[in-house]
Every structure is written in structure tokens, then in C-alpha cells.
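As C-alpha cells, the structure follows; a few thoughts come after it.
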Amino acid sequence: MRRYLANAAVLVLGAVAIAACSSGGTNTSSNQKFSGTTVRVVTFTGPQIAEPLQRRAPDFEKLTGAKVQVITVPFSDLYQKILTDFATKTNSYDAMVFDPQWMGDYVPPGYLEDLTGRVQSDSSLQWNDIAPFFRDFSATFKGKVYTIPLDGDFQMVYYRTDLLQKDGLKPPETWDDYISIAQHYQGKDLNGDGRADYGSCWAMKRSAQSYWMWLSVAASFLQSQGTKQGAFFNTNDMQPLTNNAAAAAALNIYKTLSKLGPPDQLNNDVGDSRGLFVGGRCALSLDWGDIGTLAIDTTQSKVIDKVGAVILPGSKKVLDRSTGQLTDCNPTLCPYAVNGVNHAPFAAFGGWSGAINKASSAKVKDAAFAFLSYMSAPAQSNVDVTIGKTGFNPYRTSQFSNLDVWTKAGMSSQAANNYLGAIKDSLQSPNMVLDLRIPQTAYYQQTSLDTALAQFLAGELGTQATMAQITSQWNKKTDEIGRQSQLDLYKASLSVTK
Amino acid sequence: MRLSRRDRLLLLAPLATLMLVWFAGPALLGLLATLTSYSPFTTDVRFVGLANYAAVLRDPQFATAARNVGLLTLFAVPLELTAGFAIAWLLRRPLRGRAAWRVLLLLPWLVSPIASGVMWHFLLSTTSGIADFFLGWLGAAQASSPAGDLHLALPAVVAIEVWRVAPFVAFLLLPGLESIPRERWDEATLAGASVFGRIFRVAVPGMRGLLLTVSMLLIGLALGTFDTILILTGGGPGTATLTPALYSYDAAFSTNDWPAGAAAAWVVAAAVFVVGAVYVRVARE
């Protein structure tokens, strides 16, 4: 017995000595401050978005001791799963990485933690490195910060540099330029396989993501006075901006482009249009930042170093909201115009962002914030945004000022400069369009707008009937929910305080 | 051994319990939800009577969806029956590798409709499709995907459904065909009946009950067509392939209007019940 006790005493002393050494060596007590804490993070199945969270969770655990459980659900269920979890007070998720458009449904009932103080005091997050649009609009609701951006979603136009250079054409500045270039290349062989290719490839499928493409066209006609002006409703009376000469012009451009692409373009989703572009079959495309990184993916791209990007084309005429007519740009009407062209880069979707459940315990909220901050910090995100499979696109100033990460990822300096230049132009535009973020956004966009656009493209509705249908359905929904409350929330989403 | 009533009830009890908990319960809750303004996100639930049904039935989109599914049923079911019967007819005779053929033919049915939708999307796609690849290889002009054509999308869906369901129909009809007494075939042969004569004088009368059951099953399936279309066309182009089941899904999961989604689903269910009632009545006669 005595021998056992002596052995046990030696073991205990040894353990204490080892613990003391390791503690002194790595300062574990401070680094492991979330030891024993589990953070449940919900996002969509991906593999995009979930992949970087899952890949980096073990590293974060090593650094802080916090265990991060990434729960994934299909995208179509994500909004409802989170909302149901909040509303029923189940609170099975501590953090969520979601579409910031949903803040319109999650913030007013008080489900999300106010992160304003935390983001300001966290030096490792480098909050001010995040582009002003994402900081001040995308992450902010009613003047308070509720999300940490992990992704910068806005749309740009991609073009084939080799083709345009050969033919002495300039990248499109206006939508008329875009159509003209698309017409020039439609039906020509663009990849040397002897078959006819396409001027422009867009996603135009119903029940998918095509309504964002139309909004990208409409944006430059609808918004010219800066982000706070908004591009969806009149901020005086919540009347939809969907039945006027600007919307009609955007519809006509959309219809024209539906015929300057592959014959089954009406059934193409973004996966199809991206595949076509990086397969070398299109001269132009419209997409988020994804084409930039897919184009350097050696496993699928046939257009490596042949891709350029530009800010969304604009318009020389914009909507005069008092008359409903298009008016030539002038310094008063289009204060941010470049060479007389009003650009309105559209932050479609808004970029995946992380938020924290207000009902979680204080320690878990701290750990959840630390994890989101870790994911967004330049050390991690500046690498993740260069990897196509993450689904993350640039959103920090350092991401377009530091060429190294992009050249390391496989872009030539010229391509990187071009791609990052387009991102910079978009992110620095004071006229960037914020995507809709009010209660029942899903109805306004995914149901009403998407259906009407699909019917318009298919020829089931004419231009006037399409605009009338969208406007009538939007007004009906607004009145159903409450015009004043929707107006207040719309203005809050735009950070309009008056 | 003859089972007593009690034994039969005991054997049925586990399945009945599962059905009650996982099927009848949620279905009835869904039915109740259609009479209210229910939403899992709000505590303000009001009784609205039949307003949700009225809204669904007044919606021109639902009318289009009903017309589409009517056309789909009208064309797909006879084609599925005919093709399925033809396959069963070919397989009824001893054939080398018959068992393997039967398994192979079941594959389209065993593939989930979602996977089938994805597969056909890529097969038909103008730009990444196998069909287009081979046409290009042969130097032929490009083939436009029918799924992206306003007038061909619904016929394409019909064709895909026939491809998926006909082998399953054959699987169901084959035992019926084999169970027809040999003497009847012999009598028809002696009477000099042609192939069509044998089909209409021997096979169809001998399988009337089975054909009726399979027809009703196919009509029910066609009325609820959803998964393949969701992936293949999303209901487009325009509303060319929208079905009531897809309308119900959109209302519930895109618009988050659960009562409208459930009401549309119950309208589909009512149509299936009508088909079932007709079946029961005809079967009795």
C-alpha cells in the first residue's frame, strides 16, 4: 500500500511540475480563457461558407480553448430555422452566419446581440479596415452594429481581356456599352473549339438568384444620391420604385440580354453561368466576386489571366423621382457620376455575416464574438477571400491593397490589379446600393419580383404588366404588414435617421 | 394458421402508431393551420376561416399551376402506363439476364427525384450537357435545352417523369401479366389473335383491377409532382412548369406564408382524395 502511495505521490508531483512548465511556457491560462465553452454556430450546408468555419474552428480551439460546433442546414431552411429557434426561445444556436438581409426580421424583436461596443474595442478585428459600406450599412441597423462581415458581396461585370484587347474594345461603362459588346461577340467562337459562343452569360432561372441580376441593372437608373437614397422604395411614403421609366429601361435591357446568351439562358443558375464563363464560352458576365477566384482555378478555368472586372456599368440617365421619368445626369442629380455616368454598385445579398444570439450566456457570447472576430481578422480573411471554395469575397481595404495574397493564390499581377481595381471602385463608391432588409424581404424579392421577372422573360407578361404586378404585390404586402412600420424599418436599414 | 381480429390489430398497431404520430398528426395540424394566420414566428394567431383557401384559389399563379399539373397528368399517366406495360410485355417471356434487366429498369425509380432533376439539368443543358457534348463532337449544331424553352419545358418534364416512372409501372404490372392463366394465351393464339388482340382480349381484361390500381397511383403521383421540377426548372420558364405542389413549397418556404402553403397542399391532397374515392367506387363495381 505504502508503495502505491509513494508511486501516486510521484505521479501527482510530476503532473504538477509538467502543468507548471507548460503553463509558464505558453501562457495557457490567458490563451485558454474559453476552455470548457462550446459555441454552436449555424450556417448553410455549403460547402462554401461552412468550409472556412469548419476548417478554422480547430485552430481557434487550440488558441482559446473554445470548442466551436458548426451546424449546417440547407440554405432554403436557414432563415426559418434561425427565426423559429429565436421565436420559440429554443436558443440552440449561439452564433449564426447568415444573410444580413434577414436583420430586418431578427433585429426589431431583439434577437441579436448589439456588437457596437465589442467591435470598437477589439483591436485584432481591425474594424476600420473593413470597407465603410460593409461597416456602416451592411453590419449596421438603426445605427448599431449587429453583425461582423465575413464576406463582401456585390456584383461586378467580368469580361474577357484577350477578346476586347484584340478587337480594340473598352470594358463597358454603361449598359448600352454592355449590350453593344455582347452583340459583337454573340455567335462567335470565343474558345477556339469551332462552335458558336455567347456575348453574355447570366443566371436567369426562376426560383434561383436571377432577380439580383435585374436589380444590378436597375440600380444605376434608380439610385444616384448615395446609399441612403435607397433603390427599392421612396423613403417618403414607401411607394415601390418598380413602376417608372427606370424600371422599364432595366426590364428592356434584361430582356435584350436574355437573347444575347446561351439559348437556354432562362434555365441557367449562377453555377451554369460561372461554368460557361470560366469555360471560355462567354465574352461578358455579371456575378459576385466568385468569377475572379474561379478564373484562376487551374482545375476548371480555361481563361486564366484572360479575365478583367469592372464596376457595374452605369447610366447617363437616372430616375427623377418627382416625375417618374428618366432625366439626363447633372451634378445635382448625379453627384457621384464618373464622366457623366451614374454607377450604383449593388451589394446583392450583402455578404455572409456573423451575428450572436442575445439570449446566450455571457461567456458563450464572448467566445462567439472571439470566434467571429478571429474569422474576420485580416490574418485569416485575407487568405480565405482568395480561395474560391470558401465563398468569401473581399470586403476589407487591406484585401485590395495587398497584391501578395492574390499573386500567391495564382493571379498574375496584372489580373490581380484589374480584379482588385474593380472591387476598389465598387467598395469606395458612395452610391453603393444596399440590398433590401425589411420584414418579409423574402416575399418582396424571392416571390414577387422573381416570379414577375420570370414571367416577363418568358413573354407571359409585357413591360407595363410586369411593373404593375410587382408594384401592386409590393404595395399589398406593405399595407398588410403596416406601411409606417415598414417605412421606418426601411429607413433604419439605410441608416436614415430623419 | 388463421389470425384472430386481435392478432391482426396487434400486428397493425406499430405501423398505425407511427402513421398517427408522424403522418396524421402533422397533417391535421397543417389542416388547422390553414384556418388561421399561424406562423411559427408569431404569437398573434387569429382564426381566419377559409380565407387562406380563397386566396390560394383566387391566385392566377395557382390556376396556372393547376392547369400545368392537369396537362402533365393527362399526358404522363397514359404514357407511363403504355410504356410500363410494353416493358412488362417484353419481360414476361424467359429472357437471358431477365433478373438483371428487371433490376436495371428499376434504377430510374430508385434514383431520388431531386437527383434525377440535377442529372437531367446537366444532361439537357446547352452548355454542359452530354447531349450537346456529343453533338459538338460530331460537328453538329448546338441543341437548345428544352427545359429553358417556354413551349418545350412542360413536355420535357412529362418525358422525364415517363422515363422515371414507366420502369416502376413495368415492375408492378409484370406479376399481373404472369399471373394470367396459360390457357387464355393458348386460346387466343389458337384463335389467331395478333399481338394487339392478345393484349386487348387477354392481358387487359385479366389485369383490369391491377391496371386500375396502378392508374390511380400514377394519377396521385402526377398531381403531387414537385421534386424533379424544383431542381430542373424551378417552375419556369415563366410559369410554364409551375405545379400546385411547387406553389405550396414556394408559399411556405420562400414567402414564409405557412397557412397559404398548407392550404395549397390541402387542395392537392383533396384532388388526390377525389382520385382515391373514384378508385374505391370503381373497384367496388
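If you read the sequences in order, they're chains V and Y.
Residue numbers are given in numbering that gives the first Met the number 0: position 421 of the first sequence equals residue 420, and the series is strictly consecutive.
Residue numbers are given in numbering that gives the first Met the number 0: position 33 of the second sequence equals residue 32, and the series is strictly consecutive.
Glycine residues also receive a C-beta, built at the ideal position from the N, C-alpha and C atoms.
Keep in mind it's a predicted model, so treat the numbers as computed, not measured.
Cβ-Cβ distance between residue 114(V) and residue 70(V) below 8 Å: no
Residue 232(Y): contacting residues in chain V (beta-carbon distance under 8 Å): 204, 205 and 266
Closer than 8 Å to chain Y by CB, residue 454(V): Yes, residue 454(V) counts as interfacial toward chain Y.
Residue 67(Y) in three-state terms, based on DSSP: helix
Interface residues of chain V facing residue 253(Y) [CB-CB closer than 7 Å]: Here the neighbours are 441, 445 and 446.
Chain V within 8 Å of residue 236(Y), Cβ atoms only: yes
Nearest-angstrom Cα separation, counted from residue 267(Y) out to residue 48(Y): 19 Å
Residue 485(V) versus residue 217(Y) - alpha carbon distance: Their Cα atoms are separated by approximately 46 Å.
Where residue 264(Y) sits in the DSSP three-state scheme: helix
Beta-carbon proximity check, residue 201(Y) vs residue 179(Y), cutoff 8 Å: Contact flag set, yes.
Chain Y contact residues for residue 75(V), given Cβ-Cβ distances below 7 Å: 252
Residues near residue 473(V) in its chain [Cβ-Cβ closer than 7 Å; skip 5 each side]: 239, 241, 443 and 447
C-beta neighbour in chain Y for residue 228(V), strict 8 Å: no
Any 3 or more C-beta pairs closer than 8 Å across the region 99-115 of chain V and the region 384-398 of chain V: no
Interface partners of residue 457(V) on chain Y, CB under 8 Å: The contacting residues are 149, 235, 236, 237, 238 and 239.
is_contact[residue 289(V), chain Y] using C-beta, thresh 8 Å: It does not; no Cβ of chain Y falls within 8 Å.
Beta carbon proximity, residue 450(V) to chain Y, threshold 8 Å: yes
Status (buried if at least 16 other CB within 10 Å, exposed otherwise) for residue 3(V): Because the pLDDT at residue 3(V) is just 46, under 50, the model does not fix this residue reliably, and the value given afterwards should be weighed accordingly. Classification of residue 3(V): exposed, given that the 10 Å Cβ count is below 16.
CB contact below 8 Å: residue 226(Y) versus chain V: Look at residue 226(Y): its C-beta is not under 8 Å from any C-beta on chain V.
Beta-bridge partners of residue 158(V), as assigned by DSSP: 283(V) and 307(V)
Beta-ladder partner(s) of residue 46(Y), from DSSP: 35(Y)
Any 3 or more C-beta pairs closer than 8 Å across the region 447-463 of chain V and the region 187-200 of chain V: no
Nearest-angstrom beta carbon gap, residue 214(Y) and residue 80(Y) [assumed within contact, 8 Å]: Correct: roughly 6 Å between the Cβ atoms.
Contact with chain V by residue 58(Y), beta-carbon distance below 8 Å: In terms of beta-carbon proximity, residue 58(Y) stays away from the interface with chain V, with every pair separated by 8 Å or more.
Separation of residue 224(Y) from residue 271(Y), as counted between CA atoms: 12 Å
Interface partners of residue 53(V) on chain Y, CB under 9 Å: Under the 9 Å cutoff, chain Y gives no residues; its nearest Cβ is about 24 Å from residue 53(V).
The region 251-260 of chain V touching the region 212-227 of chain V, judged by at least three CB pairs closer than 8 Å: yes
Residue 27(V) to residue 341(V) span [Cα, whole Å]: Its pLDDT being 35, under 50, residue 27(V) is placed unreliably by the model, and the measurement read from it follows with that caveat. The alpha-carbon atoms of residue 27(V) and residue 341(V) are separated by roughly 55 Å.
Short CB-CB distance (under 8 Å) between residue 43(Y) and chain V: Taking Cβ atoms only, chain V never reaches closer than 8 Å to residue 43(Y), which makes this a no.
Short CB-CB distance (under 8 Å) between residue 262(V) and chain Y: yes
Expected contact under 8 Å - CB spacing of residue 36(Y) and residue 258(Y) to nearest Å: 6 Å
Any chain Y beta carbon closer than 8 Å to residue 79(V): yes
Within chain V, the residues that residue 146(Y) reaches when beta carbons sit closer than 7 Å: Those are 263 and 266, listed as they occur along chain V.
Exposed unless 16 or more other CB atoms sit within 10 angstroms - verdict on residue 481(V): exposed
With 16 other Cβ atoms within 10 Å as the buried cut-off, status of residue 327(V): Burial state of residue 327(V) is exposed, judged by a 10 Å Cβ sphere holding fewer than 16 other Cβ atoms.
Neighbourhood of residue 112(Y) by C-beta distance below 6 Å, restricted to the same chain and skipping five residues each side: 226 and 227
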